[in-house]
Amino acid sequence: MPPPWRGGGPVVRGRVSAADAALQRKLNAEAPKIPHLFGRIAELFRPHRVSLVLTVVLVLASAALSVAPPLLTQRIFDQGLFPAGGHPVLSVLGELVALMVGAYVLSALLGVWQTYLTSTVGNAVMGSLRVRLFTHLQSMELSFFTRTKTGVIQSRLQNDVGGVATVLANTVSGVVGNVVTVIAAFVAMVALNWQLTLIAVVLMPFLVVAQRRVGQVRARIATKTQESLSDMTAITQESLSVSGILLSKSFNRQPDEIGRYSAENSNLVRLQIRQAMSGQYFFALVTIFMSSIPAIVYLVAGLLLTGGAGPLGTEAITAGTVVAFTNVQARLLFPLIALMRVALDLQTSGALFARIFEYLDLRPAIADAPHAAPLPDGAPRFGEVAFRDVTFRYPDARGEDRATLDEVSFTIEPGQYAAFVGPSGAGKTTVSYLIPRFYEASSGAVLFAGHDVRDLQRESLVSHIGVVSQETYLFHASIAENLRYAKADATLGELEAACRAANIHETIASFPDGYDTVVGERGYRLSGGEKQRIAIARVLLKDPEVLILDEATSALDTISERVVQQALDAASHGRTTIAIAHRLSTVVGADVIYVVDRGRIVEHGTHSELLAADGAYARLYREQASAPSPARQP
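Position one of the sequence shown corresponds to residue 1 (UniProt numbering), numbered consecutively onward.
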């Protein structure tokens with residue numbers, strides 16, 4: 001029996017995690033129903049009103065020109081080729097042919113201009129929509145990203161926005177142009193012969209009803225297709241990242257990953273085929289109907305000419321009328337089909353827009369209050385951090401409500417080195433997340449320099465806080481670019497000074513490319529200790545008043561830990577430092593140590609005071625002292 005965890009056994013399509021299901025419930029609950037979806041889409045075009053008006057003018061002109069050649073054809077036949085006298089009139093024929101060619105040339109030039117405008121507007125709207133969505137996602141709280149797959153978010157930005165690109169680029173010109181062309185062609189057909197027009201349009205209402213039903217089917221398939229694309233993107237992001245490749249290679253799970261990808265790919269291919277084929281029989285029926293009309297017109301015209309059509313024979317008909325009518329009707333075929341395709345595309349893209357608006361309608365759980373103000377410079381208690389009866393709760397993996405922190409209170413003085421220790425899951429890291437408002441306290445107050453963090457602008461608050469976490473993140477860029485993420489205009493001298501303080505300058509200088517060395521994805525070309533010291537240098541370049549160290553050395557071997565600890569000690573000098581530690585040996589010199597257990601601070605004091613108290617800290621210290629030293633990591 002294959003194991004039930006991720007990747008084990010056969011792939012079951014459509015299975016989602018509890019976190020994904022919870023996210024979908026949140027989306028369904030928070031994203032409002034959109035009764036005026038296309039009104040919201042129209043709002044996207046508002047900044048481009050001038051270009052749209054000009055596009056409409058060009059479309060109207062092109063549509064008017066499109067029906068001119070058939071009307072000229074009637075005159076060419078009846079006045080130029082076969083006039084009443086029976087002989088062609090070359091002067092009239094030459095004028096009419098010149099007008100026809102001129103109409104074609106002018107229509108082509110207007111079409112080029114129109115294409116440029118629609119392409120410019122469509123891509124600009126798509127680009128602004130993508131940036132708007134990216135900007136909105138940047139404002140979402142940290143918990144949103146901890147419960148949402150990165151690949152799903154990427155799919156909304158790339159696949160969903162990209163899926164509406166054609167509609168955005170061609171909707172205005174397609175709808176306006178084809179509507180005008182269809183109306184102009186219909187008017188021309190009525191002007192030529194109203195009896196033939198009735199025959200040509202008798203089945204149109206049935207086609208419109210059929211088109212609506214086809215559009216509903218295509219919209220449902222489009223939604224499923226985008227969901228499958230999201231799953232494909234998520235699988236790719238998980239499996240082909242450096243961490244994912246290392247994991248699959250370590251457990252020889254490449255065949256399972258290939259099978260998972262292949263299964264979802266087969267599902268996607270099936271949906272794409274269904275999407276491509278949906279409506280094809282409908283359009284085939286429309287094409288057959290519209291293409292057969294000229295033959296029927298010839299038959300009816302014969303009846304009219306012979307007077308065998310009863311009341312229909314009351315109006316005279318000429319060969320030029322028949323030729324012109326079938327020419328106009330032929331020009332009605334492609335705009336009508338195109339108009340129906342645009343209508344289907346709008347219905348299909350409505351599903352994609354709904355997915356995009358779902359994310360845009362999500363409200364960040366943590367945002368600046370209307371009265372929030374920046375942290376004043378020179379505040380009397382600058383660097384002080386305090387908790388006042390802070391409780392923090394969040395739903396766990398089973399959806400149950402539990403308290404991670406329970407009425408926690410403490411005060412860390414400016415310049416003090418405070419450490420939080422305790423067993424895993426006690427709530428230590430949560431403390432570090434609440435200070436910069438990565439999460440919001442459920443009750444109580446978190447104070448920074450004497451101010452409730454909820455009364456401060458987050459940008460101002462975070463600008464005074466530096467964080468070095470256990471999981472160091474470096475971009476696939478040079479060392480200098482990674483360092484300048486903290487200070488974009490930092491000079492090379494400032495980079496070197498920060499790196500010297502972090503005990504990493506000599507190592508960087510030994511690289512052939514020095515500070516221009518590309519570190520690889522997530523810094524995998526560097527050792528753990530080198531990555532961590534670069535992260536410390538990056539924080540030093542920011543020069544914050546409060547430094548948070550979240551188990552910054554727990555993943556390192558003993559030698560690397562010693563070097564990094566020296567860099568951390570230098571970085572903490574003259575700053576308020578909050579260290580979340582698992583290894584007690586790294587915080588024995590702290591000014592105050594808080595012992596956290598089950599969300600509460602059970603004791604605090606210096607290392608020697610806590611050992612003398614012989615409480616929870618002393619027990620942890622004895623357990624770690626008696627444990628074997630961790631193996632040195634490569």
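Yeah, the Cβ is synthetic: ideal placement off N, Cα and C, and Gly gets one too.
- Comparing alpha carbon positions, the residue from 485, 408 and 483 closest to residue 447 is 408.
- Taking all protein chains in view, the Cβ of residue 271 is crowded by 16 or more other Cβ atoms within 10 Å, so the residue is classified as buried.
- A straight line joining the alpha-carbon of residue 452 with that of residue 461 spans about 11 angstroms.
- Going by DSSP, residue 420 is part of the beta strand (DSSP E) stretching over 417–421.
- Nearest Cα to residue 383 within the set 537, 438, 265 and 547: 547.
- Residue 257: member of the alpha helix (DSSP H) spanning 254–277, first to last residue.
- When the beta-carbon positions are compared, residue 420 and residue 594 come within less than 8 angstroms of each other.
- At a Cβ-Cβ threshold of 8 angstroms, residue 474 and residue 534 count as neighbours.
- Around the beta carbon of residue 566, fewer than 16 other beta carbons lie within 10 angstroms, which makes this residue exposed.
- Taken in chain order, the complete beta strand (DSSP E) segments of 3 residues or longer contained in the stretch 545–612 are 546–550, 576–580, 592–597 and 600–605.
- Beta-carbon to beta-carbon, residue 426 and residue 598 are separated by about 6 angstroms, close enough to satisfy the 8 angstroms threshold.
- In this structure, the straight-line span from the alpha carbon of residue 428 to that of residue 596 is close to 7 angstroms.
- Ranked by Cα distance from residue 537, the options 164, 484, 145 and 152 are led by 484.
- Annotation: the continuous alpha helix (DSSP H) that includes residue 131 extends over 90–138.
- The secondary-structure analysis by DSSP pairs residue 390 across a beta bridge with 408.
- DSSP, reduced to helix, strand and coil, places residue 81 within a helical segment of the structure shown.
- Per DSSP, the continuous alpha helix (DSSP H) segment holding residue 495 begins and ends at 492–501.
- Contact annotation, residue 588 with residue 607: C-beta distance approximately 4 angstroms; criterion of less than 8 angstroms satisfied.
- Taking 8 angstroms as the upper bound for CB-CB distance, residue 230 and residue 131 are not in contact here, some 20 angstroms apart.
- Residue range 443–448 is occupied by the beta strand (DSSP E) that includes residue 448.
- If the five residues before and after residue 366 are omitted, its C-beta is found closer than 7 angstroms to the C-beta atoms of 141, 437 and 440, all from its own chain and listed in chain order.
- Nearest neighbour of residue 300 by Cα position, chosen from 287, 570 and 325, turns out to be 325.
- Restricting attention to 362, 562, 41 and 524, the CA atom closest to the CA of residue 144 is found in 362.
- Annotation: the continuous alpha helix (DSSP H) that includes residue 510 extends over 505–510.
- In this model, residue 549 and residue 225 are separated by some 44 angstroms (Cα to Cα).
- Nearest to residue 164 by C-alpha distance, out of 406, 147, 266 and 124, is 124.
- The closest CA to that of residue 227, considering only 217, 268 and 576, is found on 268.
- Taking a C-beta distance under 8 angstroms as the contact criterion, residue 470 and residue 358 do not qualify as a contact pair.
- Judged by DSSP in its simplified three-state form, residue 465 adopts strand.
- Under DSSP, residue 385 takes part in a beta bridge, and its partners are 412 and 448.
- The alpha-carbon of residue 496 is positioned some 36 angstroms away from that of residue 239.
- It is roughly 8 angstroms from the alpha-carbon of residue 45 to the alpha-carbon of residue 121.
- CA-CA distance, residue 161 to residue 41, rounds to 12 angstroms.
- If the five residues before and after residue 432 are omitted, its C-beta is found closer than 6 angstroms to the C-beta atoms of 548, 550 and 580, all from its own chain and listed in chain order.
- With respect to residue 577, residue 553 sits apart: the two C-beta atoms are not nearer than 8 angstroms.
- Sixteen is the threshold: when 16 or more other Cβ atoms of the shown chains lie within 10 Å of the Cβ of residue 349, as they do, the residue is buried.
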